[in-house]
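Enquirer: Could you have a look at this structure, given as structure tokens, before my questions?
Residue numbers (this note's numbering): 43 to 183.
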């Protein structure tokens with residue numbers, strides 16, 4: 043088989059199998075690091091948004107397999123984004139990230155739903171990948 047044709051087929055296979063993730067954080071370095079970690083794994087296509095409103099606009103226009111959102115953001119915190127996201131896509135898995143403690147409402151939500159989880163900053167890449175894979179696998183079943 044022609045190597046360019048094989049490369050095209052490999053690229054197509056990758057595009058079909060890649061999971062789409064939306065990362066929302068008001069801290070640009072955090073967005074860049076998470077995006078780089080996930081894309082470097084070669085399994086994910088990652089888009090980013092700097093706040094909840096930008097994320098809502100993307101969620102209305104595109105389909106994602108996972109939403110990763112910071113909890114502590116100005117204007118619209120991660121929990122508000124989660125509630126608005128549920129109106130658009132009720133089954134979308136959500137991973138909250140935070141450097142602080144969650145309030146009771148978030149903890150109850152995380153404990154009551156299989157497709158919602160949290161990770162505390164600072165986190166390592168291995169822990170991030172474990173949770174991302176768990177949430178994406180749940181979404182696929």
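Backbone N, C-alpha and C define an ideal beta-carbon position, used for all residues, glycine too.
1) For my contact list, residue 30 and residue 110 are in at a C-beta cut-off of 8 angstroms; report their separation, rounded to the angstrom.
2) Can you look up residue 179 in the DSSP assignment and give me helix, strand or coil?
3) Assign residue 116 to one of two classes, buried (16 or more other C-beta atoms within 10 Å of its C-beta) or exposed (fewer than that).
4) What residue range is occupied by the uninterrupted beta strand (DSSP E) comprising residue 89?
5) With 16 other CB atoms within 10 Å as the buried threshold, where does residue 120 fall?
6) Which residue wins for smallest C-alpha separation from residue 177, given the options 165, 166, 160 and 93?
7) Can you give the Cα-Cα distance for residue 94 and residue 168, rounded to whole angstroms?
8) With a CB to CB cut of under 7 angstroms and the five nearest residues on each side skipped, what residues in its chain are close to residue 163?
9) What does the alpha-carbon distance come out to for the pair residue 57 and residue 174?
10) May I have the straight-line CA-CA distance separating residue 82 from residue 88, to the nearest angstrom?
11) Kindly identify the DSSP beta-bridge partner or partners of residue 108.
12) Per DSSP, what kind of secondary structure is residue 134 in: helix, strand or coil?
13) Indicate, with yes or no, if the ligand GTP has a heavy atom lying under 7 angstroms from the CB of residue 129.
Expert: If we stick to the structure as given:
1) There is no way to answer for residue 30, as the model of the chain reaches only from 43 to 183.
2) helix
3) exposed
4) 86-91
5) Per the 10 Å Cβ criterion, buried.
6) 160
7) When rounded, the distance between both Cα atoms is 26 angstroms.
8) 139, 140 and 141
9) The predicted position of residue 57 is uncertain, since its pLDDT is 47 and thus under 50; a value taken from the coordinates is nonetheless stated next. Each residue's alpha carbon lies about 18 angstroms from the other.
10) 10 angstroms
11) 63
12) coil
13) Judged by which ligands are present, the structure shown has none, so any question about the ligand GTP falls away.
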